[in-house]
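Comments concern the structure below.
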Amino acid sequence: MDCVIGRVVRVAAGAFAPGHIGELTRIVPFEMVDAVLAETATVQRRIRDLPSRVVVYLLLAGVLFADLGYVQVWARMIAGLGGSGGVSVAVPSAGGLAQARRRVGVAPLRALFDLLRGPAAGPVAGAAGPGVWWRGRLVTAIDGTCRDTPDSTANLQVYRHGGGGNGGTGYPLIRLLTLVACGTRTIVDATFGSDRVGELGYAHHLLGAMHHRMIVLADRNFAAQALLTAIADTGADLLVRVKIGRNLPACRRLPDRSYLSRIGGLQVRVITARITITTTQGRRSEIYRLITTICDPACPATEIVALYHQRWEIETAYCELKSTILGGRVLRARTPTGVDQEIYALLITYQALRTAISDAVLTRPDIDPDRASFTIALNTARDQLTAARGVLTDTSNTAIDLVGELGRQVLNHLMPTRRSRTNPRVVKRAISVYAANNARGRVRAPSRTTVITIDIHSASP
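For what it's worth, the numbering used here labels the leading residue of the sequence shown as 102, then goes sequentially.
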């Protein structure tokens, strides 16, 4: 006797059936999308082939398949629905999909991001893996990046070409600034707009996400008095690198060679350290000067300097956004409204992936979140979407698998414990006929770090 095992796909009914993003629909469920559509008054007035909920999921699916046009993205959203209870779905044209995206607009995407953003780091300190919390404070970092938008007439009304020694950028730029939880690389908050406004101008938009159980790490670009004071006023601690030549007079010296100073009305601790890196390719040193509101002498200066290394996690988050997801591609949208919509979809989808990874890693508190592969998660999410797997509608009688296939793939393919490495900031692949930046004095060859030495200096301010 022949035995056939069927696969049951549980999706929404009728015209709503294509509205899903595979297993990630559990993190961005139908109820959540419907709520933001109702809140922003963007629910369709009549049942169409492309209801508003389906359009929102189309935008999110477009992020998972950033190299495809929306018609091809749609084909993947409906690929796993054939034969699922006789579900019949529409096959809209490119023009129909574009009209639907314009109808939905930006507001529901913005509201959806506000619901999903956050650290995903566990409810209390110590409830997540190593690197997430430090002395009872959530470790976060703030930084900015730029992304290319299509070189259309409409976009050039808002965005501009970036400058540069070789004639500027080929595309208008949008500036994105985020506050990222370093341990999980989830987005606590984000803001974006024209690059006519600098990072300091956008940074004040993120102050509302900062609080007293948080420490904010930042590079030298954020060491402005007004911003430092504003961050401290939120109750958050800060750890920021400053220029070596900045005049920071000593008010009181501490036993570990750091000292207390003031920037305006803000008391800070100044730590000057020589960091020496010994690798298989040689040895190099650099002096760092850091300021922090952690002024308790019981907290060693060497520990604070070592903590600053966590700031690089936000650079890794930007690499995942720009390279792993987008593959370095220019955004699709040819209008400023479309760009805003696409950026929010990018942030939502990234946050959903990172939340799924965090949910899996939280079941294994012995695992450093750094070992979870974002690429594995992304590719698994793509497969789950195409097959329409993991989509639930009625969970009242269903045992929920909190880890899911995505989480299992991440846990089954953990990366090795991160090696201590050093990577010189050089241009490895020249994009012009001009000489690449060789960063004189830095090691160019790939190298494994064997020793990192932190020596606190008693600098004379």
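Where is the CB? At the ideal position from N, CA and C, for every residue including glycine. From a predicted model like this one, the values you see are computed outputs, not experimental measurements.
Closer than 8 Å to chain D by CB, A473: Absent from the structure is chain D; it holds one protein chain and no more.
Completely contained alpha helix (DSSP H) runs for the stretch 142-210, where each covers 4 or more residues: List check, alpha helix (DSSP H) in window: 153-165, 171-180 and 195-205.
Inter-residue Cα distance where the pair is Y206 and A453: As a working mapping, residue 206 is identified with position 105 in the sequence shown. As a working mapping, residue 453 is identified with position 352 in the sequence shown. Checking the sequence shown, residue 206 turns out to be Gly, not Tyr. Here the C-alpha atom of G206 lies approximately 21 Å from the C-alpha atom of A453.
Expected contact under 8 Å - CB spacing of L340 and L391 to nearest Å: On the sequence shown, residue 340 is found 239 positions in, with the first residue counted as 1. On the sequence shown, residue 391 is found 290 positions in, with the first residue counted as 1. In this structure, L340 and L391 form a Cβ contact; the two beta carbons are roughly 6 Å apart against a cut-off of 8 Å.
Candidates P209, A201 and I148: closest to D570 by CA position: Here the chain covers residues 102 to 562 and nothing more, so residue 570 does not appear.
Same chain, Cβ closer than 7 Å to R375, neighbours up to 5 away in sequence not counted: By one-based count along the sequence shown, residue 375 stands at place 274. Hits under 7 Å: S386, I388, D556 and H558.
C-alpha gap between I364 and W235, whole angstroms: Position 263 of the sequence shown, counting from 1, holds the residue named residue 364. Position 134 of the sequence shown, counting from 1, holds the residue named residue 235. Approximately 25 Å between the Cα atoms of the pair.
Nearest to A325 (by Cα), restricted to the options A118, R211 and G366: Reading the sequence shown from its first residue, position 224 is the one you call residue 325. Measuring from the Cα of A325, the nearest candidate turns out to be G366.
Close Cβ partners of G187 (< 6 Å) along its chain, the five nearest in sequence each way excluded: Here residue 187 refers to the residue found at position 86 of the sequence shown. At G187, the pLDDT of 49 sits below 50, so the modelled position is not reliable and the matter cannot be decided from this model.
Burial state of G508, where buried means 16 or more other Cβ atoms lie within 10 Å: Position 407 of the sequence shown, counting from 1, holds the residue named residue 508. It is buried - the Cβ of G508 has at least 16 other Cβ atoms within 10 Å.
Alpha carbon of I128 to alpha carbon of T141, nearest angstrom: Sequence index remark: in the sequence shown, residue 128 carries index 27 (1-based). Sequence index remark: in the sequence shown, residue 141 carries index 40 (1-based). C-alpha separation (whole angstroms): 20 Å.
Buried or exposed by the 16-neighbour rule on C-beta atoms within 10 Å, applied to A139: Position 38 of the sequence shown, counted from the first residue, corresponds to residue 139. With fewer than 16 Cβ atoms within 10 Å of its Cβ, A139 is classed as exposed.
Y445 and F131 closer than 8 Å at C-beta: As a first step, residue 445 must be located in the sequence shown, where it is residue number 344. As a first step, residue 131 must be located in the sequence shown, where it is residue number 30. Contact check for Y445 against F131 fails: the beta carbons are separated by 8 Å or more.
Through-space distance from R353 to C396, alpha-carbon basis: Within the sequence shown, the letter at position 295 stands for residue 396. Within the sequence shown, the letter at position 252 stands for residue 353. Their Cα atoms are separated by approximately 11 Å.
Burial state of G346, where buried means 16 or more other Cβ atoms lie within 10 Å: One-based indexing of the sequence shown puts residue 346 at position 245. Exposed, since its Cβ has fewer than 16 Cβ neighbours within 10 Å.
For E387: DSSP bridge partner residues: By one-based count along the sequence shown, residue 387 stands at place 286. Per DSSP, I376.
Exposure of C283, with buried meaning 16 or more beta-carbon neighbours within 10 Å: Counting from one through the sequence shown, the residue named residue 283 turns up at place 182. Around the CB of C283, 16 or more other CB atoms lie within 10 Å, so the residue is classed as buried.
Own chain partners of A191 with C-beta closer than 6 Å, once the 5 adjacent residues on each side are dropped: For the purposes of this step, residue 191 is taken as residue 90 along the sequence shown, with counting starting at 1. D150, listed in sequence order.
Buried/exposed call for R286, threshold 16 Cβ in 10 Å: As a first step, residue 286 must be located in the sequence shown, where it is residue number 185. So R286 ends up on the buried side.
For E300 and F323, the rounded distance between their alpha carbons: For the purposes of this step, residue 323 is taken as the residue at position 222 of the sequence shown. For the purposes of this step, residue 300 is taken as the residue at position 199 of the sequence shown. Rounded to the nearest angstrom, the two C-alpha atoms are 8 Å apart.
Closest residue to R465 among Q485, L515 and E414 (Cα-Cα distance): Taking the sequence shown and counting its residues from 1, one reaches residue 465 at position 364. Considering only alpha carbons, the answer is L515.
Rounded Cβ spacing between L198 and Y158 (contact assumed at less than 8 Å): The residue you call residue 198 lines up with position 97 of the sequence shown. The residue you call residue 158 lines up with position 57 of the sequence shown. About 12 Å separates the CB atoms of L198 and Y158; that is not less than 8 Å, and the two are not in contact.
T330 and L307 closer than 8 Å at C-beta: Here residue 330 refers to the residue found at position 229 of the sequence shown. Here residue 307 refers to the residue found at position 206 of the sequence shown. No.
With 16 other Cβ atoms within 10 Å as the buried cut-off, status of V298: One-based indexing of the sequence shown puts residue 298 at position 197. Exposed, because fewer than 16 other Cβ atoms sit within 10 Å of the Cβ of V298.
CB of A242 within 8 Å of CB of R472, strictly: As a working note, residue 242 is residue 141 in the sequence shown. As a working note, residue 472 is residue 371 in the sequence shown. Not in contact: A242 and R472 (Cβ atoms no closer than 8 Å).
Where R154 falls, given that 16 or more other Cβ within 10 Å makes a residue buried: Along the sequence shown, one-based indexing puts residue 154 at 53. Around the beta carbon of R154, 16 or more other beta carbons lie within 10 angstroms, which makes this residue buried.
Cβ pair A221, S459 closer than 8 Å: What you label residue 221 is simply residue 120 of the sequence shown in a count that begins at 1. What you label residue 459 is simply residue 358 of the sequence shown in a count that begins at 1. Result yes, Cβ atoms of A221 and S459 sit closer than 8 Å.
Nonlocal neighbours in the same chain, by C-beta distance under 6 Å from T496, ignoring five residues either side: Here residue 496 corresponds to residue number 395 of the sequence shown, with the count starting at 1. Its pLDDT being 49, under 50, T496 is placed unreliably in this model, and the value from its coordinates should be taken loosely. Excluding sequence neighbours, T496 sits near nothing in its chain.
Of the residues I179, I332 and A304, the one placed nearest I316, counting alpha carbons only: Residue numbering aside, residue 316 sits at position 215 when the sequence shown is read from its first letter. Of the listed residues, the one whose Cα sits closest to I316 is I332.
A304 to F117 span [Cα, whole Å]: The sequence position of residue 304 within the sequence shown is 203, counting from 1. The sequence position of residue 117 within the sequence shown is 16, counting from 1. In a straight line, the C-alpha of A304 is about 39 Å away from that of F117.
Alpha-carbon spacing of D168 relative to R433, whole angstroms: Here residue 168 refers to the residue found at position 67 when the sequence shown is read from its first residue. Here residue 433 refers to the residue found at position 332 when the sequence shown is read from its first residue. Answer to the nearest angstrom: the Cα atoms are 10 Å apart.
Delimiting residues of the beta strand (DSSP E) encompassing L339: In the sequence shown, the residue the question calls residue 339 occupies position 238. Annotation: the continuous beta strand (DSSP E) that includes L339 extends over D338 to V343.
Inter-residue Cα distance where the pair is V112 and N480: Here residue 112 corresponds to residue number 11 of the sequence shown, with the count starting at 1. Here residue 480 corresponds to residue number 379 of the sequence shown, with the count starting at 1. Rounded to the nearest angstrom, the two C-alpha atoms are 21 Å apart.
Distance between P398 and P119 (C-alpha atoms, nearest Å): In the sequence shown, the residue the question calls residue 119 occupies position 18. In the sequence shown, the residue the question calls residue 398 occupies position 297. Their Cα atoms are separated by approximately 59 Å.
Collapsed DSSP secondary structure at L361 in the structure displayed: By one-based count along the sequence shown, residue 361 stands at place 260. It is a strand residue.
Alpha carbon of P152 to alpha carbon of E124, nearest angstrom: What you label residue 152 is simply residue 51 of the sequence shown in a count that begins at 1. What you label residue 124 is simply residue 23 of the sequence shown in a count that begins at 1. One C-alpha to the other measures close to 21 Å.
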